[in-house]
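Taking it in order: structure first as C-alpha cells, then the write-up.
Residue numbers (my numbering): 232 to 539.
Okay, here's the thing in C-alpha cells:
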C-alpha cells in the first residue's frame, strides 16, 4: 500500500485493480426496417450472452446503459432493440447515440435492412399490415419508415441486408459478429437414465445399454455405481461395449457441425439401462470423455443415480 496526497492509503502493485469504466460495458443498439429481422437478431444476441431489452424508447437508452453498467456481471453485455414504435417517445436516435458516447459508452449500432419487395412478401406471408401504412399500401408504410430511419442507417456500425438470408443464416451472421467461438459451440449433455423411470423428454438421441450384462447381478458390484472404477471396468470390458461407445461417438461427431449450422446450442444424448445406476452411468461417463477428446464440449449427468 502507498499513501496518497490526502493521506489515504491506496493499493499498489499487484493489489491495484483498474476501476471499470463505461467503455467496459458492451452495448449493442439494434434497429432497422420492420420485417428486416430485428427479432432474429435479438434472439441471436441472447444466444451469445447478451441481456436484450426489446422495444426500448430511445429516450431511455442512456438510463438503460447506466443501469447495465452499475449492475455489472451479465448485464455488462446489453442489447437495446429499437423499432418504429420507439419513436413515439423520441425521434432523435442520433442524439441518443451521441449522448451515450459522451458519457463514455461505446455502443455498436446494428441496422437490419432488406429490399422492398422482400419486405412486402414477408408482411404478406404473415398477413400483417405495416405499422406505418395507415390506410395506404404496404409499400407506402415501408417508404415512410425508410425516410424516418435514414439517419440511423447512416450512423450504423453494421448494416445487415437480410434480403437473401434465411433465419439461420442471419443468426449465424450475428453470432459471428458478437459472439466468441465458445458462445457459438454446441454443448452436449450425455445423460444416463433408467428405463423403468421413463425416457428423458428432452433427449435428442437415445442409446440403450441393456444389451450389456447387468452388474446388479454381480453381488460385489450391486451396491456400487457406474462412476466407480470396478463397475466401469466391468461394463466397458464387456463384448461390444467399446464398439457401442465408439459408434455413438462417431455419430455425434458427424452431426455436430450440422446442428451448429441449424442454430442448436444444446444437445442431449441419453443413455439408458434398467435402473440408471450401473451400465448407463459407465457408458455416459466414457462417451463424454471421448467427445471431449474430439474437441466437443461435453459433460455427463446422471438423472436417476441414487433413486434405488
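For glycine and all other residues, C-beta sits at the position ideal for the given N, C-alpha and C. Note that the structure is a prediction, hence the values are computed from the model and not measured.
- Taking a 10 Å sphere around the C-beta of residue 482, we find fewer than 16 other C-beta atoms and assign the residue as exposed.
- Secondary structure note for residue 524: its alpha helix (DSSP H) is the uninterrupted segment 510-524.
- Collapsing the DSSP output to three states places residue 467 in a helix.
- Contact check for residue 406 against residue 275 passes: the beta carbons are separated by less than 8 Å.
- Beta-bridge partners of residue 258 (DSSP): 309.
- The straight-line gap separating the alpha-carbon atoms of residue 295 and residue 279 is approximately 20 Å.
- Taking C-beta separations shorter than 6 Å and ignoring five residues to either side along the sequence, the partners of residue 364 in its chain run 371 and 372, following chain order.
- When the five nearest sequence neighbours on each side are left out, the beta carbons in the same chain lying within less than 6 Å of the beta carbon of residue 499 are those of 420, 422, 433, 434 and 435, in order along the chain.
- The C-alpha of residue 530 lies about 30 Å from the C-alpha of residue 257.
- The Cβ neighbour count for residue 427, taken over all protein chains shown within 10 Å, is under 16; the residue is labelled exposed.
- Remark: C-beta atoms of residue 273 and residue 283 approach each other more closely than 8 Å.
- By the criterion of at least three beta-carbon pairs nearer than 8 Å, the segment 444-452 is in contact with the segment 493-512.
- Cα atoms of residue 380 and residue 286: separation of roughly 15 Å, rounded to the nearest angstrom.
- An exposed status is given to residue 464, since fewer than 16 other beta-carbon atoms sit within 10 Å of its beta-carbon.
- Here DSSP, grouped into helix, strand and coil, assigns residue 386 to helix.
- Nearest to residue 459 by alpha-carbon distance, out of 492, 514, 375 and 501, is 514.
- Uninterrupted beta strand (DSSP E) stretches at least 3 residues long and entirely within the segment 329-391 occur at 339-344, given in chain order.
- Each of 378, 399 and 479 was checked against the Cα of residue 492, and the nearest Cα belongs to 399.
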